[in-house]
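Written below as structure tokens is the structure these notes are about.
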Amino acid sequence: MVNAGDMNGSGNLMDFLDEPFPDVGTYEDFHTIDWLREKSRDTDRHRKIASKSKESIWEFIKSLLDAWSGWVVMLLIGLKAGTLAGVIDLAVDWMTDLKEGVCLSAFWYSHEQCCWTSSETTFNDRDKCPQWQKWSELLVGQSEGASAYILNYFLYIMWALCFAFLAVSLVRVFAPYACGSGIPEIKTILSGFIIRGYLGKWTLLIKTVTLVLVVSSGLSLGKEGPLVHVACCCGNFFSSLFSKYSKNEGKRREVLSAAAAAGVSVAFGAPIGGVLFSLEEVSYYFPLKTLWRSFFAALVAAFTLRSINPFGNSRLVLFYVEYHTPWYMAELFPFILLGVFGGLWGTLFIRCNIAWCRRRKTTRLGKYPVLEVIVITAITAIIAYPNPYTRRSTSELISELFNDCGALESSQLCDYINDPNMTRPVDDIPDRPAGPGVYTAMWQLALALVFKIVITIFTFGMKIPSGLFIPSMAVGAIAGRMVGIGVEQLAYHHHDWIIFRNWCRPGADCVTPGLYAMVGAAACLGGVTRMTVSLVVIMFELTGGLEYIVPLMAAAVTSKWVADAFGKEGIYEAHIHLNGYPFLDVKDEFTHRTLATDVMRPRRGEAPLSVLTQDSMTVEDVETLIKETDYNGFPVVVSKDSERLIGFAQRRELILAIKNARQRQDGVVSNSIVYFTEDPPELPPNSPHPLKLRRILNLSPFTVTDHTPMETVVDIFRKLGLRQCLVTRSGRLLGIITKKDVLRHMAQMANQDPESIMFN
788 MVNAGDMNGS GNLMDFLDEP FPDVGTYEDF HTIDWLREKS RDTDRHRKIA SKSKESIWEF
848 IKSLLDAWSG WVVMLLIGLK AGTLAGVIDL AVDWMTDLKE GVCLSAFWYS HEQCCWTSSE
908 TTFNDRDKCP QWQKWSELLV GQSEGASAYI LNYFLYIMWA LCFAFLAVSL VRVFAPYACG
968 SGIPEIKTIL SGFIIRGYLG KWTLLIKTVT LVLVVSSGLS LGKEGPLVHV ACCCGNFFSS
1028 LFSKYSKNEG KRREVLSAAA AAGVSVAFGA PIGGVLFSLE EVSYYFPLKT LWRSFFAALV
1088 AAFTLRSINP FGNSRLVLFY VEYHTPWYMA ELFPFILLGV FGGLWGTLFI RCNIAWCRRR
1148 KTTRLGKYPV LEVIVITAIT AIIAYPNPYT RRSTSELISE LFNDCGALES SQLCDYINDP
1208 NMTRPVDDIP DRPAGPGVYT AMWQLALALV FKIVITIFTF GMKIPSGLFI PSMAVGAIAG
1268 RMVGIGVEQL AYHHHDWIIF RNWCRPGADC VTPGLYAMVG AAACLGGVTR MTVSLVVIMF
1328 ELTGGLEYIV PLMAAAVTSK WVADAFGKEG IYEAHIHLNG YPFLDVKDEF THRTLATDVM
1388 RPRRGEAPLS VLTQDSMTVE DVETLIKETD YNGFPVVVSK DSERLIGFAQ RRELILAIKN
1448 ARQRQDGVVS NSIVYFTEDP PELPPNSPHP LKLRRILNLS PFTVTDHTPM ETVVDIFRKL
1508 GLRQCLVTRS GRLLGIITKK DVLRHMAQMA NQDPESIMFN
């Protein structure tokens, strides 16, 4: 039923490529690569290198250099990604604090760095030092009072607007592709789609600069998703330095998969989680050697970031925590409830955000991206400043919510009423009744939760770099901390209840609210992205606690189950479909009983299939066919009467071959016969010189019969990454099925608009 043909048939292409034809083997913008052809070309290249390596010492050394080039690229990606992540972290830290004040001793110091260097800082007032001054102190000499508050409030908003305006202007003018998270597009690129410039040098530069600006502006977005895009830009740059990768789009995508792992590694300080994220979430083709190289790139990136030490705590992330209390079986119930909340939040966010983004694309709102960013930034800054939990950066908020309340903590969340007779060690403080600070923090966190839920829906998808990991984790961490404090107080005041009696004695340290925050963060992130394994590993690497894997797994699985009950798509898949990218998701199931003949083109009533004949068309005929159609390639048949299939010729290579022949070969004119056979056809005397194009002909195109079930065809397209397959009956050509035909058919079967499957 299915005939893949002999892969060696593509070897003829290599003869053509050996000649100095410019741009052969490359693809046009917004087209899909041919994975089978790229694989075949790489196999031929390896064969040539292996045979040449036996000829001389120099060729042997060249073969070793070729073998090691992959590891060199991984090393360079890790070093560059780690360095950029460190610079971004340092710059964000400084510019976030710049909205509130400035360090007089060295203006490039953040608030924390400024007070580190001060000899006049006390432990109780460690956030206050003479060298750090708020804007009101610097401008009017007042730190307290209504006028000082209003001035600080006004300058906070002005700085936020300034950062956001500068960011959206840079993106709009210099690199339009630098906006958004980047992960939906990277998933599409890794599946074989070409988006020229998306991973270019300008995109890398502008995304790095604007990422610092938008995170510092206080908008409800994170830098973790865009860091994956930044790392992939690094991967694209370094792969272009080696012909092994620059001339083979399939090999280049192996490098990009490893770069995505390095991006997550530096975003979360989780090298293993980064590799699993690349495998589970973004990669389409992930061979075993890519797994090893991804691990190496993630390791180098994490090591580089650790050497820079941007947070000054010898950790790779701001919110690294360690807990000292084990969890108990009875706590699984609130953990699962947090998983349910995460799934519901993920569903709500995806539906509302996609609806808003669709409205942005289809109405006049999309024509004013700068105004939209300014308005959302102004609303965010005005509402965020009065609440101390929304005023600070989201990473600092998550760090505080994850924190365990030790004896040295001065946060409102740790304002418990202490027993003066307590003689416990510092790490084993028993559960205590909540003080007024905790109650104040609870209602402030409730307001922050509502604000974060609403504002993130409108922020994600604007024309600025915007990550979703951190805002999702913040929503979950706020909800989790509130649940944790509730369970803690319930256990303290009702320790004689049957659920607490066995594990929570009076005076014991039973409940860790910070753990609930961490579980809530994992649940919400899982609900939005539908990650499971990589999510749990990332969260485990954040905390360094193996014993908390079960609560994280319970929350992540529950979150995915609940979210999947309302829709199978995560946020990235939803944005891929919104933008109309031709992405064939491996996770989708096709269960309809249709056949290849139902999907192939041409259909009944349509014009016959445009084909080339093996030896009866002139150069002018071929050029006219190319000009009048926009197909990416043409089947080659014996004749239009017999329609016996010979092979398949790509449009781009036909154009290049004819152009090259006209320039280099004498006697090739418009009336010259084009032939794809081994021997030239018999021509009358005085005929113009014929043009042989057999070298660009793929003699083994993928074919299926007209009665092949579409379930099988879809599986073939997914697993082999085909651009098109030809439909035959007894060797006679009937039609063609392209990747977009498959996507349109799947959309039609799912009662969706089939015309939405196109690059918008």
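Numbering (our numbering), first residue to last: 788 to 1547.
Using N, Cα and C, we set each Cβ at its ideal position, and we do this for glycine too.
With a CB to CB cut of under 6 Å and the five nearest residues on each side skipped, what residues in its chain are close to residue i?
i, result
"residue 1083", "861"
"residue 940", "1172"
"residue 1536", "1379"
"residue 1533", "none"
"residue 1085", "1048, 1049, 1052, 1058, 1061, 1062"
CA-CA distance, residue i and residue j?
i, j, result
"residue 1059", "residue 872", "17 Å"
"residue 1071", "residue 1046", "14 Å"
"residue 1211", "residue 1228", "Any reading at residue 1211 must be qualified, since the residue scores a pLDDT of 47, below 50, and its modelled position is unreliable; no value is offered."
"residue 1094", "residue 1328", "18 Å"
"residue 1239", "residue 999", "20 Å"
"residue 1548", "residue 1324", "Lying outside 788 to 1547, the shown extent of the chain, residue 1548 is not represented and no answer is given."
"residue 864", "residue 1422", "41 Å"
"residue 1177", "residue 1236", "9 Å"
"residue 1471", "residue 1462", "15 Å"
"residue 1189", "residue 1435", "59 Å"
"residue 1200", "residue 1364", "42 Å"
"residue 1519", "residue 1424", "9 Å"
"residue 1308", "residue 971", "22 Å"
"residue 963", "residue 1261", "28 Å"
"residue 854", "residue 1032", "12 Å"
"residue 1305", "residue 1299", "10 Å"
"residue 1069", "residue 973", "7 Å"
"residue 1268", "residue 1506", "44 Å"
"residue 1276", "residue 1203", "11 Å"
"residue 1456", "residue 995", "52 Å"
"residue 1180", "residue 1097", "15 Å"
"residue 1542", "residue 1368", "12 Å"
"residue 979", "residue 1147", "28 Å"
"residue 1112", "residue 870", "36 Å"
Pick out whichever of the options has its Cα sitting closest to the Cα of residue i.
i, options, result
"residue 1449", "1425, 1469, 1477, 1473", "1477"
"residue 1141", "1357, 1103, 1178", "1357"
"residue 1441", "1425, 1411, 1432, 1428", "1411"
"residue 1106", "1165, 1330, 1127", "1330"
"residue 1041", "1220, 1138, 1076", "1076"
"residue 1404", "1362, 1467, 978", "1467"
"residue 1037", "1222, 947, 813, 1258", "813"
"residue 1433", "1444, 1480, 1407", "1480"
"residue 1131", "1445, 1342, 1407, 894", "1342"
"residue 975", "1407, 1254, 1168, 819", "819"
How far does the alpha helix (DSSP H) with residue i in it extend, from its first residue to its last?
i, result
"residue 940", "933-961"
"residue 1089", "1075-1095"
"residue 995", "988-1003"
"residue 1499", "1497-1507"
Ordered along the chain, which non-local residues of its own chain (more than five positions away) have a Cβ less than 8 Å from that of residue i?
i, result
"residue 1124", "1270"
"residue 1509", "821, 822, 823, 1489, 1503, 1526"
"residue 1220", "1203, 1204, 1276, 1279, 1280"
Kindly indicate the opening and closing residues of the beta strand (DSSP E) around residue i.
i, result
"residue 919", "919-921"
"residue 890", "888-890"
"residue 1512", "1511-1516"
"residue 1236", "Residue 1236 -> not in any beta strand (DSSP E); alpha helix (DSSP H) instead, spanning 1223-1246."
"residue 1519", "1519-1525"
"residue 1057", "First-last for residue 1057: undefined, no H or E at that position."
"residue 1432", "1432-1437"
Thinking residue i and residue j are a contact (beta carbons under 8 Å), I'd like their distance in whole angstroms, please.
i, j, result
"residue 1015", "residue 1050", "4 Å"
"residue 1256", "residue 1312", "6 Å"
"residue 850", "residue 836", "5 Å"
"residue 1495", "residue 1371", "Actually they are not in contact, since the Cβ atoms of residue 1495 and residue 1371 sit about 17 Å apart, beyond 8 Å."
"residue 958", "residue 1251", "6 Å"
"residue 1427", "residue 1400", "6 Å"
"residue 1353", "residue 1501", "About 24 Å separates the two Cβ atoms, so there is no contact after all."
I'd like the list of long-range same chain contacts for residue i, defined as Cβ closer than 7 Å, with 5 residues on each side in sequence excluded.
i, result
"residue 1522", "1387, 1388, 1389, 1396, 1514"
"residue 910", "Residue placement at residue 910 is poorly supported in this model, since its pLDDT is 49, which falls under 50; the coordinates still yield a value, given next. If we look at residue 910 and ignore the five residues flanking it on each side, it has no Cβ neighbours."
"residue 1418", "1397, 1438"
"residue 1416", "1397"
"residue 1326", "1305, 1309, 1339"
"residue 1067", "1318, 1320, 1321"
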